[in-house]
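The structure appears right after this line, and notes come after that.
2 protein chains.
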Amino acid sequence: MNGATITFMRYFLVIGNDAVTEPFHLNGLPNAGRMDILCRCTAQSLFLSHGIRRDVVVYLVLKGLPGPTKIIKIRGDEVRSMAPDERNIGGLIRKALGMDVDYYWKKSSPGIYIAQRNFPSLLEDISHKIVYLREDGKDVREVAPLLKDCLFILGDHRGVVKDTEELILEKSSFLISLSPLSLQADQCITLLNSELDRLG
Amino acid sequence: MNGATITFMRYFLVIGNDAVTEPFHLNGLPNAGRMDILCRCTAQSLFLSHGIRRDVVVYLVLKGLPGPTKIIKIRGDEVRSMAPDERNIGGLIRKALGMDVDYYWKKSSPGIYIAQRNFPSLLEDISHKIVYLREDGKDVREVAPLLKDCLFILGDHRGVVKDTEELILEKSSFLISLSPLSLQADQCITLLNSELDRLG
Chain E
55 MNGATITFMR YFLVIGNDAV TEPFHLNGLP NAGRMDILCR CTAQSLFLSH
105 GIRRDVVVYL VLKGLPGPTK IIKIRGDEVR SMAPDERNIG GLIRKALGMD
155 VDYYWKKSSP GIYIAQRNFP SLLEDISHKI VYLREDGKDV REVAPLLKDC
205 LFILGDHRGV VKDTEELILE KSSFLISLSP LSLQADQCIT LLNSELDRLG
Chain U
55 MNGATITFMR YFLVIGNDAV TEPFHLNGLP NAGRMDILCR CTAQSLFLSH
105 GIRRDVVVYL VLKGLPGPTK IIKIRGDEVR SMAPDERNIG GLIRKALGMD
155 VDYYWKKSSP GIYIAQRNFP SLLEDISHKI VYLREDGKDV REVAPLLKDC
205 LFILGDHRGV VKDTEELILE KSSFLISLSP LSLQADQCIT LLNSELDRLG
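These protein sequences, in sequence, are chains E and U. The working numbering numbers the first residue of the first sequence as 55 and each following residue consecutively. The working numbering numbers the first residue of the second sequence as 55 and each following residue consecutively.
Laid out in structure tokens, this is it:
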């Protein structure tokens, strides 16, 4: 992708139901409200074999303790010195969580921004078509060409709580399914990226 | 998958060109010859959203220092208490590397075995059809129904060295490609599992 022309963008949003909103121990990512899941989702969104996808933006919604909710935004076209291992990405998230934040995006590292906002407020600002991933959705392979420039919303191991899901469904253009089995969020992102790659 | 009938098996083999053959620090998986890659490949081979794939066997070939080569075998139908985060899987690999080993498989944890063997010797013992993943291979979607009960061979970030590749090509039934882009080994495994899941 490095240097390649970007024909469309991909936006991934992962809801971390328990993900902590303060700096955490890098030796215990799962204990930080399953921060390991958000790290893996970030890696699978951004990394190719030898490079970063410049056409990807990742939103991580951290809804855990002590709160209030914070959102981390990662722009593939600006990221520098990120490695795909969980500890490296966890370190970048931890650094962001150490900053004083408010409603407006503040940069913590190249390509990494943080704000103290909740999910509905973020959704208000987003103008992309919204795609929600759920097992009873339409097979991604039937609708892939329609999925350019979309925001894909995924839950973590706890899924998406009812209130949030109602809000998403109200705003969604598509409800899609990726697999006959129930997969982890990071695996869903890999499959989505692959479908979009095949669009050329 | 838990309790589901197994209709065919999947075998993944990942070559860790630099992966160390002695216990390593869990805080520095990338420094242990990119052990982080092997941990991610293991997670993507075995994990579903809430369960382990019992129809998967993973081979990790550790070709790094101090040597000689060791191979770790992980059986999905026997694994207990494995979590999908890199540090957890790294801990299980480290425990295996702390054992005295010889040519014969020795169990280090439930479902995890280790032996001091090299790749050609392992290949001699394997009777499954061999599938090699390379970017100039046939599109996986054209041949997926033929890929049941196969061993899929992947390289790490350094790929597969020439001698090893010649040996693989000699024994391969298929040369397949997963994507128009060059992906990481763990991403390839996710895509393979997904294609096989669609076979039902």
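Just so you know, even glycine gets a beta-carbon here, dropped at the ideal spot from N, CA and C.
Within 8 Å, strictly: CB atoms of residue i and residue j
i, j, result
"U:ASP156", "U:GLN170", "yes"
"U:THR123", "U:VAL133", "no"
"E:ASP139", "U:PRO84", "yes"
"U:CYS242", "U:LEU232", "yes"
"E:ILE126", "E:ILE69", "no"
"E:ARG107", "E:GLY144", "no"
"E:LEU80", "E:ARG141", "yes"
"E:LEU245", "U:LEU245", "yes"
"U:LYS149", "U:SER135", "no"
Assumed close pair residue i, residue j - CB separation to whole angstroms, cut-off 8 Å
i, j, result
"E:PRO234", "U:ASP251", "6 Å"
"U:TYR65", "U:PHE206", "7 Å"
"E:ASP240", "E:CYS95", "5 Å"
Reference residue i; option with closest CA among the options
i, options, result
"U:SER227", "U:SER175, U:ALA198, U:SER236, U:GLY254", "U:ALA198"
"E:GLY87", "E:THR75, E:THR96, E:CYS95", "E:THR75"
"U:LEU248", "E:GLY254, E:ASN142, E:LEU237", "Here residue 248 of chain U turns out to be Ser, not Leu, going by the sequence shown. Here the closest residue by C-alpha is E:LEU237."
"U:THR218", "U:LEU176, U:PRO77, U:TYR158", "U:LEU176"
"U:LEU146", "U:LYS216, U:VAL194, U:PHE78", "U:PHE78"
"U:CYS204", "U:LYS192, U:SER181, U:GLU196", "U:SER181"
"U:TYR158", "U:ASN172, U:THR244, U:GLY121, U:ARG148", "U:ASN172"
"U:LEU119", "U:ASN71, U:LYS160, U:GLY105", "U:ASN71"
"U:LEU253", "U:THR244, U:VAL215, U:LEU201", "U:LEU201"
"E:ALA137", "E:LYS117, E:LEU102, E:GLY82", "E:LEU102"
"E:VAL111", "E:VAL194, E:ALA97, E:GLY152", "E:ALA97"
"U:LEU67", "U:GLY152, U:GLY105, U:PRO174, U:ILE60", "U:PRO174"
"U:ILE128", "U:ILE168, U:THR61, U:ARG195", "U:ILE168"
"E:LYS117", "E:ALA73, E:PHE62, E:GLY105, E:HIS104", "E:ALA73"
"E:GLY121", "E:PRO164, E:LEU151, E:THR59", "E:LEU151"
In the segment 167-239 of chain U, which residue ranges form an unbroken alpha helix (DSSP H) of at least 4 residues, counting only runs that do not cross its ends? 173-179, 194-197, 216-225
Evaluate the contact criterion for the segment 216-227 of chain E versus the segment 177-196 of chain E: three or more CB pairs, one atom per stretch, below 8 Å. yes
Tell me whether the segment 91-107 of chain E and the segment 198-217 of chain E touch, counting them as touching only if at least three CB pairs, one residue from each stretch, are closer than 8 Å. yes
Runs of beta strand (DSSP E) wholly within the segment 97-154 of chain E (minimum 3 residues, chain order): 110-116, 124-129
Within the segment 69-96 of chain E, ranges of the alpha helix (DSSP H) (whole runs, at least 4 residues): none
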